[in-house]
Structure formats: structure tokens, C-alpha cells
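Read the structure below first, then the notes.
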Amino acid sequence: MLCKLKRSAKSSVIMLIAGIVLAAFGLLKQFTLPETAHVMSRLMGMFFGLGSAFVGISAIHLIQLKISSPEKLKWRQIEEKDERNIQITRIAYTIASISASIMFAGLVFLFTAMGSIKESYICLVALLIQSSIFLISYGYYKKKM
Numbered sequence: 017m018l019c020k021l022k023r024s025a026k027s028s029v030i031m032l033i034a035g036i037v038l039a040a041f042g043l044l045k046q047f048t049l050p051e052t053a054h055v056m057s058r059l060m061g062m063f064f065g066l067g068s069a070f071v072g073i074s075a076i077h078l079i080q081l082k083i084s085s086p087e088k089l090k091w092r093q094i095e096e097k098d099e100r101n102i103q104i105t106r107i108a109y110t111i112a113s114i115s116a117s118i119m120f121a122g123l124v125f126l127f128t129a130m131g132s133i134k135e136s137y138i139c140l141v142a143l144l145i146q147s148s149i150f151l152i153s154y155g156y157y158k159k160k161m
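Residues 17 to 161 in our numbering are what the sequence shown spells out, letter by letter.
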């Protein structure tokens, strides 16, 4: 479950490397594109932004791991495994999932009303994938528990 994922130095280093690769790819590819390639230029900007965000987040996490005292790290680890915090995280994920489902359904109707059939199908497929993942995971955990 996502609420039980461990935030370790190893995962932060992997995220840092992925961020550097994404940012470098976006930046280097941006300079090699012709000026008429506006869509690809935007996409490379998104790669650069995502990579920069990964670098920033992982660097902050690694710095926090280095400067925090062992007692504080132990307290934070106990706090992350606390059942109350796990339950709060699950509730927040549930609310986010329901909100995303409502948003996707609304976008399907909006795009259909606007006549943008391609975009409507994209949102519909995203909604169906999200619903399928929910049903599969619900069935799996119902059998497991």
C-alpha cells in the first residue's frame, strides 16, 4: 500500500538520478528542436520541470536525512507506522480517488458537449482504467483478508 511505502535514502537517490536524467534530456532535446516544433518544445519543458521537481524533492529528503538526529529519525519512523496516521492516509487517498472519478466523468460530458470526441474518449478510458484498478484491487484484498 502507498501509505506504508518507506522513504529511504536509496529511493531518494534513485529519484535524484531519474530527475537528473529527465531534466538533462528535456534541456538537451529542447536545444536540438527546430523552432516550428511547438508541441515537442512544450513536452521537453515538461520533462525538464518534472526532472527538476524530482531533483528538488529528493535532495531535500537526503539533506533532511543527513542533518536529522537519530532520535528524530526513529520518532518519525514510529509516527509513519502509527495506525492512526495510516488510517488518515487511507481516507485521504479515498477522497482523492472519488474526486478524480467525478472529475473524469465531468470531463467526459464536457468534452462531448464541446464536440471534442478524441479528448472525451481519453478521459473515458482513464475513468475506466481507474475503475478497473479499483475493482481488481478490491477483489484481491477481499480474498486476502
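Glycine included, each C-beta is placed from N, C-alpha and C at the ideal position.
Checklist entry - Is there contact here, the region 134–154 with the region 107–120, by at least three beta-carbon pairs under 8 Å? => result yes
Checklist entry - For Leu78, which residues from the same chain have a beta carbon less than 6 Å from its beta carbon, with the 5 sequence-adjacent residues on both sides left out? => result By one-based count along the sequence shown, residue 78 stands at place 62. Around Leu78: Ser28.
Next on the checklist: Taking 7 Å as the threshold (C-beta atoms), are Gly67 and Ile32 in contact?
Outcome noted: As a position in the sequence shown, residue 32 is number 16, starting the count at 1. As a position in the sequence shown, residue 67 is number 51, starting the count at 1. Per the sequence shown, the amino acid found at residue 32 is Leu instead of Ile. Cβ atoms of Leu32 and Gly67: not closer than 7 Å.
Item to check | Nearest candidate by alpha-carbon position, reference Gly61, set Lys45, Glu51, Ala34 and Ile73 | outcome: For this step, residue 61 is matched to residue 45 along the sequence shown. Nearest of Lys45, Glu51, Ala34 and Ile73 to Gly61, Cα basis: Lys45.
Checklist entry - Is the beta carbon of Phe125 less than 7 Å from the beta carbon of Glu135? => result Locating residue 125 in the sequence shown gives position 109, where the first residue counts as 1. Locating residue 135 in the sequence shown gives position 119, where the first residue counts as 1. It is not a contact, given that the beta carbons lie outside the stated cut-off.
Checklist entry - Counting only runs that start and end within the region 60–105, where is the alpha helix (DSSP H) found for 4 or more residues in a row? => result 86–96
Item to check | Whether Phe63 touches Gly42 by CB criterion (7 Å) | outcome: The residue given as residue 63 occupies position 47 in the sequence shown. The residue given as residue 42 occupies position 26 in the sequence shown. Cβ atoms of Phe63 and Gly42: closer than 7 Å.
Item to check | Endpoints, the alpha helix (DSSP H) within which Gly35 is located | outcome: Position 19 of the sequence shown, counting from 1, holds the residue named residue 35. Per DSSP, Gly35 belongs to the alpha helix (DSSP H) from Ala25 to Thr48.
Checklist entry - Buried or exposed: where does Gly35 fall if 16 or more other Cβ atoms within 10 Å of its Cβ makes it buried? => result Translated into positions along the sequence shown, residue 35 becomes position 19. Its Cβ being crowded by 16 or more others within 10 Å, Gly35 is buried.
Next on the checklist: Please tell me whether Ala25 and Leu89 are closer than 7 Å, where the distance is taken between their beta carbons.
Outcome noted: Taking the sequence shown and counting its residues from 1, the one referred to as residue 25 is at position 9. Taking the sequence shown and counting its residues from 1, the one referred to as residue 89 is at position 73. Not a contact, by the Cβ cut-off of 7 Å.
Checklist entry - The alpha helix (DSSP H) with Glu135 in it runs from where to where? => result The count along the sequence shown starts at 1 and reaches residue 135 at position 119. Counting along the chain, the alpha helix (DSSP H) containing Glu135 begins and ends at Ile133 to Lys160.
Checklist entry - Where does Ser115 land, buried or exposed, given buried means 16+ other C-beta within 10 angstroms? => result Translated into the one-based positions of the sequence shown, residue 115 becomes position 99. Label assigned to Ser115: exposed.
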